[in-house]
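Residue numbers (my numbering), protein chains in the order written: chain A, 1 to 159; chain B, 1001 to 1159. Glycine included, C-beta positions come from ideal geometry on N, C-alpha and C. Heads up, the thing below is written out as structure tokens.
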DNA sequence: TATTGTTATACTCTATAACTATA
DNA sequence: TATAGTTATAGAGTATAACAATA
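Here it is, written out as structure tokens:
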């Protein structure tokens, strides 16, 4: 009657997610963890975490921005951003210059080294994206990206 | 020429996300944070975090499961799950009984109080889902849920 | 040897509060 | 008074390693 085999198979069987299957947050969280783990693994040679990478990209796209503006755009608390930038400044990748028009603000720029480091990081990030695309399938990834942008717009526009 | 107004508007303008717009992980992370914040806010009366809630749901759907099985299903490290369950056991919501067939395992069950607490929590979680649906739009939410489940299956099936 | 569960440690991220200096 | 930036602290989540008990 294959009882032993059946028992073993049962032991390996996936558990029922139950009511969790109805929760968007559960699937979003699992996907986010998977993506970040792979990103962190791929970017490990640059010792760059996702938040640090996102800050570099925003400074690149918006040179001279204040810490407050970067923090608002990325949803990073100013206290945390201050320490994060301190680290990037120590690596000589980011420069904080005092803003002439507002003595409280720092204007942020990438240094030459920062530009080079970001270029290397982008190549690793592209490998990460390629691997995720391979796992998810190109159509699935594209559809997800589209939907998530829409969701982001709807969640942030009223604010 | 409206120069002052233009300057003010520019100061309030959203920054360019730059290359970040190409990264699935960025949008997934932002959505996950938004959803979890609302969940935590709504479930605050139960002092229940997302991970704790997911564990309760899995025990409900799979009574008698071991900690190892629950941890594998949810991707929670056994070390963390041990402390998480210790807390739920202290509240008298979860019971850990020794498994007769395997002396190493604990079989997990909801207590009567646990069942009641979970029922109350589900009502709050439903309010959270309703609010998120309101923000995202029902069609967007349904499409997202569908896509995220597909993504989850593709990411977990090879493992 | 491998697995289950526990304890402990360290690091990241998040959330506050308190403080300064500027506006 | 409000904002920009800094520092400090505490809590949650994650990743390890080490250990005892059991398989």
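Subject >> Contact between the region 1024-1038 of chain B and the region 33-46 of chain A (3+ Cβ pairs under 8 angstroms) >> reply: yes
Subject >> Distance between residue 1147(B) and residue 67(A) (C-alpha atoms, nearest Å) >> reply: 35 angstroms
Subject >> Beta-carbon neighbours of residue 114(A), restricted to chain B and to distances below 7 angstroms >> reply: What residue 114(A) touches in chain B: nothing, since even the nearest Cβ is about 14 angstroms away.
Subject >> Separation of residue 1075(B) from residue 1014(B), as counted between CA atoms >> reply: 36 angstroms
Subject >> N- and C-terminal bounds of the beta strand (DSSP E) containing residue 77(A) >> reply: Run containing residue 77(A): none; DSSP gives neither H nor E here.
Original post:
Do residue 1046(B) and residue 24(A) have their CB atoms nearer than 8 angstroms?
Top reply: no
Original post:
Are there 16 or more other CB atoms within 10 angstroms of the CB of residue 1101(B), so buried, or fewer, so exposed?
Top reply: exposed
**OP:** Reducing DSSP to helix, strand and coil, say where residue 47(A) ends up.
**Re:** coil
**OP:** Could you confirm whether any beta carbon from chain A is found closer than 8 angstroms to the beta carbon of residue 1102(B)?
**Re:** no
Subject >> Terminal residues of the beta strand (DSSP E) in which residue 97(A) lies >> reply: 94-98
**OP:** Please decide whether residue 99(A) counts as near chain B, where near means a Cβ-Cβ distance under 8 angstroms.
**Re:** no
**OP:** Could you give the DSSP three-state label for residue 86(A): helix, strand or coil?
**Re:** helix
Subject >> DSSP bridge partner residues for residue 1109(B) (one or two, in chain order) >> reply: 1095(B)
**OP:** Inspect the beta-carbon positions of residue 111(A) and residue 90(A) and report whether they are closer than 8 angstroms.
**Re:** no
Original post:
Per DSSP, what kind of secondary structure is residue 1101(B) in: helix, strand or coil?
Top reply: coil
**OP:** Measure the CB-CB distance between residue 137(A) and residue 56(A) and report whether it falls below 8 angstroms.
**Re:** no
**OP:** Indicate whether residue 1070(B) and residue 1108(B) have their beta-carbon atoms separated by less than 8 angstroms.
**Re:** yes
Original post:
What residues from the region 1025-1050 of chain B come within 8 angstroms of chain A, judged by C-beta to C-beta, listed N to C?
Top reply: 1025, 1026, 1027, 1028, 1029, 1030, 1031, 1032, 1033, 1034, 1035, 1036, 1039 and 1050
Original post:
Does any CB atom of chain A fall closer than 8 angstroms to the CB of residue 1106(B)?
Top reply: no
**OP:** Please confirm whether residue 1073(B) and residue 140(A) have their CB atoms less than 8 angstroms apart.
**Re:** no
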